[in-house]
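Structure, as structure tokens:
There are 2 protein chains.
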Amino acid sequence: MSRTVGSSGPKTLAAIREAGLQLIYKDGYEAMSLRQLATRVGLQPGSLYNHIANKQDLLFDLIHNHMVALLARIEIDLQGIEDPLEALKAFTAFHLTYHIERKREVFIGSAELRSLTPKNRKIIVGLRRKYEDRLCDILERGVARKQFALEDIRVSAYAILAMLTGICTWYNPKGPMDRDTLIRVHTGLVLDGVTPSR
Amino acid sequence: MSRTVGSSGPKTLAAIREAGLQLIYKDGYEAMSLRQLATRVGLQPGSLYNHIANKQDLLFDLIHNHMVALLARIEIDLQGIEDPLEALKAFTAFHLTYHIERKREVFIGSAELRSLTPKNRKIIVGLRRKYEDRLCDILERGVARKQFALEDIRVSAYAILAMLTGICTWYNPKGPMDRDTLIRVHTGLVLDGVTPSR
DNA sequence: CAATTAAATGAACGTATGTTTGTTTTTATA
DNA sequence: TATAAAAACAAACATACGTTCATTTAATTG
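Chain order of the listed sequences is H and U. Those letters in the first sequence? Residues 920 to 1117, by this note's numbering. Those letters in the second sequence? Residues 920 to 1117, by this note's numbering.
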């Protein structure tokens, strides 16, 4: 046999990406074999190379796509919001929504940083930094206006991000808690931790 | 050659554990080969099996030891503290201290859960749950006494744990921030997020 | 519709992996 | 001090991995 009936490049690539996402999320990059991946897509192992350069490139593409989408969408959600408090609320809501919607990408994006080539890792870390900076900006402006009281901007930003991101490791959309409640509870935690009320 | 001069069982096992900790922390469980491990300890690959049952067992032992130590030490630090606010402060300080001191064990303990056999994973998840419950107890008692105001105990506990644990992924003890400052900043964040002041 | 490109196949390559075995020598035990 | 146990070695096993290659056939293009 050879080229199969109905085969189309873009469709196969999309299937490879989706299967890769599933397998890396479940087992990790190192634990996923290309034979496993090929089987799930319905291909022979070698056929993968018609669509990806190699295993490492697949991982990088998945993470890179995710980071670019993340940065694009936070810009949209923050556009036009001047007040730091409102911006922080918007940031929290966006971050939680995105991390629930794209749970797997987010998880892989941090858990598999170590599996990236140094060169590839550098690129991704740079993009992550841009996202962190977006939150730091908000906190800084809030402190400047005396709306927030924070001893160390970057440490606070990391703490907030860690808290919000940590949620995606346990949140189950089919569980008892719906998305809005989740957002409300965590927005409360973030705002209380930031306001100079006490 | 054969048995080498000065060789002793317990010492070699300790060396294997330490090297395993280093390698798994740096590269991940799947990425670490037993040949790499043996080289670092100064052994032939096969000799490892005089001390460990197999690769999976080494991972489980490392994580299990860590969890048992964690549970033992939190009990000591919370002993005799009645006031929920004080208990929460003590919990935060302990958690941060332990997670800085035993950064590698903590990281492996959550990042490599997926690499455990289902049976082994069940045991570890059970121990983690016990630790989470310790924090839930404190929060619950605080809410009962109206010292804390929280909508959902377990979600709040997860949020706090995520925030505090996230720190160990970026904290550098040789960086500009010392341990006490770190604890002070984060205790502030946790307490503000929990108190009914607003 | 002919020519070219794209996408699959099956087989193989070289290498690395976790683990087992038989043997040897040192350490511990009785 | 004789004997048993422990801890190392060297060599090998079976298997799995990522990747390449020549080939075939379907889809696309001029």
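Even glycine gets a Cβ: it sits at the ideal position worked out from N, Cα and C.
Below-8 Å beta-carbon distance, residue i vs any chain H residue
i       : result
U:R1048 : no
U:V1104 : yes
U:I1086 : yes
U:A1076 : no
U:M986  : no
U:E1070 : yes
U:R1053 : no
U:Y1111 : In the sequence as presented, Tyr is not what sits at residue 1111 of chain U; that position holds Asp. Yes, U:D1111 lies at the interface with chain H (some Cβ there is under 8 Å from its Cβ).
U:A1012 : no
U:A1081 : yes
U:R1117 : In this predicted model, U:R1117 has a pLDDT of only 43, less than 50, meaning its place in the structure is not dependable; the value taken from the coordinates is given anyway. It does: the Cβ of U:R1117 has a partner Cβ on chain H nearer than 8 Å.
U:R1033 : yes
Which listed residue (the options) has its alpha carbon closest to that of residue i
i       : options                          : result
U:V1025 : U:E1005, U:I1057, U:I982         : U:I982
H:V960  : H:F979, H:D980, H:V987, H:K930   : H:K930
H:F1013 : H:L1069, H:L990, H:L1108         : H:L990
H:K945  : U:L1035, U:I943, U:I1027, U:Q941 : U:L1035
U:Q975  : U:R992, U:L962, U:F1010, U:Y948  : U:Y948
H:R922  : H:I943, H:G965, H:D1071          : H:G965
U:K1065 : U:D1002, U:A934, U:A988          : U:D1002
H:A934  : H:I943, H:R1053, H:L956          : H:L956
U:Y968  : U:A988, U:L932, U:E937, U:F1067  : U:L932
H:C1087 : H:G1061, H:R954, H:I1027         : H:I1027
C-alpha distance - residue i paired with residue j, whole-angstrom precision
i       : j       : result
U:K1008 : U:E1051 : 15 Å
U:I1102 : U:E1059 : 23 Å
H:S926  : H:A1076 : 47 Å
H:R1117 : H:L1004 : Unreliable placement is indicated for H:R1117, whose pLDDT of 43 sits below 50; the coordinate value is still reported in the next sentence. If you take the alpha carbons of H:R1117 and H:L1004, they lie about 17 Å apart.
U:M1096 : H:T958  : 49 Å
U:L1069 : U:A1081 : 17 Å
H:A1063 : H:L1108 : 21 Å
H:M951  : U:A950  : 11 Å
Expected contact under 8 Å - CB spacing of residue i and residue j to nearest Å
i       : j       : result
H:R1040 : H:L1046 : About 11 Å; that fails the 8 Å criterion.
U:I985  : U:R1021 : Note on residue identity: the sequence assigns His, not Ile, to residue 985 of chain U. Indeed they touch by this definition, with Cβ atoms about 7 Å apart.
H:I1019 : H:Y1090 : 6 Å
U:G1085 : H:G1085 : 6 Å
H:L1083 : H:T1016 : The pair is not a contact, with the Cβ atoms about 11 Å apart (cut-off 8 Å).
H:A1006 : H:I1072 : With a Cβ gap of about 14 Å, H:A1006 and H:I1072 do not count as contacting.
U:A1078 : H:A1030 : Actually they do not touch by this definition, with Cβ atoms about 20 Å apart.
Unbroken alpha helix (DSSP H) run spanning residue i, endpoints
i       : result
H:M986  : 974-997
U:R1040 : 1037-1063
H:E1122 : Absent from the structure is residue 1122 of chain H, since the part of chain H shown begins at 920 and ends at 1117.
U:I1086 : 1072-1086
U:G939  : 928-946
U:R959  : 953-960
CB contact check: residue i to chain U, cutoff 8 Å
i       : result
H:L1108 : yes
H:R1098 : no
H:D1002 : no
H:G947  : yes
H:A1030 : yes
H:A950  : yes
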